[in-house]
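Peer 1: Last residue of the sequence shown: number 260 in our numbering, and the count goes up by one each step with no gaps. The beta carbon of each residue, even a glycine, is placed where N, CA and C say it ideally should be. All figures in this text were calculated on a predicted structure; none of them were measured in a lab. Have a look at this one before I ask anything.
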Amino acid sequence: MTGDGRRPDQGGARAPTGIFGGTFNPVHVAHLRAAEEVAEALGLERMVFVPASSPPHKSGEAADPIAPAELRRAWLEAATAGNPRFCVDPIELERGGTSFSVDTLGEIAARLAPARPVFVIGWDAFHEIDTWKDPATLFARADFAVMTRPPVSDASLRSFLPSCIRAEARVAPDGRSAGYGSAGGVIRLVPVTPLDVSASDVRRRLREGRSVRYLLPERVHDAIVGSGVYGPSPPRRGTGPAPDAPEDR
Ligand code: ATP
């Protein structure tokens, strides 16, 4: 939400809006940097971070938990505060249950119409999109910005187009973009500064009691470490609920 309580995509935005979904378990510096670079490269007016309530592809387990959704949302809001282009939409938390991007995009696209949202996604997740719910409808509801992520720093879209879109995609000679569909859909490959940071590596370090300083945004480092959700550190006052909230996993 924005500070004045409006939905982030209401209120007259005209330039394209980026929709950046993820588990954000937890948010890390590469999420923020990649989002900033995509927003700059594509001239997005807003980048809306959408934390998943219960992600279908990540189950979490006692040894490697998914933090309670409200905690992941609070960290994301704190981490993105101060960037006027960034905001967080809790749409999937409010809907509850398993979070399917196709449902989220349906709601957001309806609000933004006639503008098409730009679905922002890392190369690794894009590569697996055929396994998501109703992937063809995802492509009907949004354009795509595919961010590079180590080990992929540059490649032709042709080499990793999902099969649900491969037949109709018209890949440009430089491999950086592809058009599809009758509504003028576009997939763009957006090379971003390669930062080999992942939430799973952050969680692993926390489990091992190691430092995660500079891998996490400074604004949320103490809250994430102090929560004790991922690691051996005991929960501290004021860092949110204890990690035993299985209904959110
Ligand atoms: P995990 O390690 O638990 O799988 P993650 O670091 O991939 O988590 P997610 O919340 O699953 O984080 O990612 C949300 C989105 O951000 C995905 O589209 C993912 O590809 C992208 N992303 C995450 N880390 C990077 C990175 N280092 N560079 C570019 N994109 C990234």
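(1) Since Val-129 contacts Ala-153 with CB under 8 Å, what's their CB separation in whole angstroms?
(2) Determine, using beta-carbon pairs with one atom in the stretch 178-190 and one in the stretch 122-136, whether at least three such pairs fall under 8 Å.
(3) Compute every distance between the C-beta of Val-203 and the non-hydrogen atoms of the ligand ATP, then say whether any falls below 7 Å.
(4) Run the proximity test for Val-208: is its beta-carbon closer than 7 Å to any non-hydrogen atom belonging to the ligand ATP?
(5) Strictly by DSSP, which residues pair up with Cys-98?
(6) Taking 7 Å as the cut-off, does the CB of Asp-135 come closer than this to any heavy atom belonging to the ligand NAP?
(7) State the Cα-Cα distance for the pair Pro-173 and Leu-149, rounded to the nearest angstrom.
(8) Nearest CA to the CA of Thr-115: which residue from Arg-44, Asp-100 and Pro-125?
(9) Tell me the DSSP secondary structure of Ile-176 in three-state form.
(10) Can the beta-carbon of Arg-57 be found closer than 8 Å to that of Arg-96?
Peer 2: Judging by the given coordinates:
(1) 6 Å
(2) no
(3) yes
(4) yes
(5) Val-59
(6) Absent from the structure shown: the ligand NAP. Ligands present: the ligand ATP.
(7) 12 Å
(8) Asp-100
(9) helix
(10) yes
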